[in-house]
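I have placed the structure first, in the form of structure tokens, so that the comments after it can refer back to it.
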Amino acid sequence: QYQLEQKTWMFQDKYPIAYEVASAATTDSDKDEIAVPILLLNGFGVGSFHQHRLMRQLLIEQQNQQQSNKRYVIYGIDYLGQGKSWPADPQDGNSADEYQLGYSADMWLDQLASFVQEIVISPPTDNDDSTTTTVNSIINNKVHLVGNSVGGYLATILTHKHPQLISSLTLLNATPVWGLNLPGWDGKLPAPAVPKAIGRQMFNLIRNEDVIRQYLEAAYVRGEAFDGSFEDGFDGWGCIASNADNENGAATAGGGGRGEPLGTKIRACTEGNGGHAAFASILWSAPASGISFYEALQQVPVDVLLLFGGDDPWCTEAVGKRMHVTLASRRDGEACRFVTLKNVGHCPNHEAPTAVAQVLMPWLDADDSEERRVVPLDSLSQIHEPWGDVVIREVSIEESESLGLVDRVVSSMVG
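The opening residue of the sequence shown carries number 2 in the numbering used here; numbering runs sequentially from there.
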């Protein structure tokens, strides 16, 4: 019924990039459908596996809505130096493939722009095996961007730099800052002795299994969402209910202890020969050049949905309200909405995939800004995930503008 294809694309004809494409299985009768591409952008330290739950729930939600002329094609991608995307022969920053490579926001933005242009909205050729997940035409030759954490940061800057490629922007607990820009090195490999030593020590610390577990315990409200209590993959997390059993298409508990813990998957991303050098480069890299997150947000000429886990300890609801007010100050009439998910932390795509899909699908399916301003996004105010209930609430612009002094100070400290 649904398929997930694992593929590789060469960035700059040099770096092999892992990406995945999820879609409903096609038949000959589907040839006249219009493709609606969606690109899901990850947070730091994970790969596109962190999007599998949301990929499936979006496809289930589309099926429930029975759209006859649109077919959603959902992409996930691993940034270079993350997940399964690495130089062909990494040698701790010393190989020819790594020479002068800097793991920076600018490099990732170049990667994403090229990926969208070459893969997501590029028409298939006779020799292109991507035709298995592509239909005759792509609506407006644009893609919907959905970014979590640093993926939200990258999605915002990418939209500002290349608005002609983007249909809409959705930010899931976006991180408004990135890049420490430490002195003494520009972040391009090979690393000097001191940054190399610091990067190695810090990388060994953050990849420690106990540290990963502590981070996830802070990022998630419910440990069952990441600790292996449920299967964690595109084929489901537990048992997937049939539509007759569950009109939301949500996953239902299928027994404990059957899944691979998220921490194990994250740790596996760090096992190669390039991780230490990549982390040193990331520590010393600068923010995206030319514009800050909030400057870009105020100028993006597309509709924007803020969809935040309401219990995130870092990108709090106050941070979302500041983004909401920033978006509302735009003068060209683009839609902006802010929805919170109670009992959800920093990664709603993974902790609340059913709720995210429930909110996101009508937003994506709307035809224009006028429709996106009014389409109901919280028609079901409570959604059940296998590990607990999620409460959906839309925040008005009046509420966001009445942000208290403490929240103003806190939100201004994050970006």
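By construction, the Cβ of each residue, glycine as well, lies at the ideal position given by its N, Cα and C atoms.
Asked: Less than 8 angstroms separating the beta-carbons of residue 346 and residue 222?; Found: yes
Asked: Could you tell me which residues DSSP puts in a beta bridge with residue 409?; Found: Answer is none; residue 409 lacks a bridge partner.
Asked: What residue from 351, 157, 298, 194 has the CA that sits closest to residue 233's CA?; Found: 351
Asked: Grab me the residues of residue 367's own chain with a C-beta within less than 7 angstroms of its C-beta, minus the 5 sequence neighbours each way, in chain order.; Found: 373, 376
Asked: Ignore the nearest five residues each way along the sequence and tell me which others in residue 262's own chain have a CB closer than 7 angstroms to its CB.; Found: 227, 228, 229
Asked: Check residue 231 in the structure and name its three-state DSSP category.; Found: coil
Asked: Report buried or exposed for residue 209, applying the criterion of at least 16 other Cβ atoms within 10 angstroms of its Cβ.; Found: exposed
Asked: Report the option in 33, 113, 170 whose CA atom is closest to the CA atom of residue 300.; Found: 170
Asked: Can you tell me whether residue 398 is helix, strand or coil according to DSSP?; Found: helix
Asked: Can you check which of these residues, 216, 284, 18, is closest to residue 201 by C-alpha distance?; Found: 284
Asked: Quick one: residues in its chain with C-beta nearer than 7 angstroms to the C-beta of residue 52, no 5 flanking neighbours on either side, listed in chain order?; Found: 41, 43, 77, 350
Asked: Assuming residue 357 and residue 308 are in contact, meaning their beta carbons sit under 8 angstroms apart, how far apart are those beta carbons, in whole angstroms?; Found: 6 angstroms
Asked: Go through its chain and collect everything with a Cβ distance to residue 267's Cβ below 7 angstroms, but skip five positions before and after it.; Found: 46, 47, 213
Asked: What are the complete alpha helix (DSSP H) segments, minimum 4 residues, inside the stretch 353-387?; Found: 354-366, 370-375
Asked: Closest by CA to residue 312, which one among 393, 5, 371, 279?; Found: 393
Asked: Please determine, among 179, 389, 74, 192, the residue with the shortest C-alpha to C-alpha distance to residue 139.; Found: 74
Asked: Between residue 176 and residue 298, how many whole angstroms is the CB-CB distance? I'm expecting something under 8 angstroms.; Found: No, residue 176 and residue 298 are not in contact; Cβ-Cβ is about 12 angstroms, not under 8 angstroms.
Asked: Drop a sphere of 10 angstroms on the beta-carbon of residue 11, count the other beta-carbons inside from all chains shown, and report buried for 16 or more, exposed for fewer.; Found: exposed
Asked: Check each candidate in 17, 56, 23 and name the one with the smallest Cα separation from residue 353.; Found: 56
Asked: Taking buried to mean at least 16 other C-beta atoms within 10 Å of its own C-beta, is residue 108 buried or exposed?; Found: buried
Asked: State the DSSP-derived secondary structure class of residue 168, mapped to helix, strand or coil.; Found: strand
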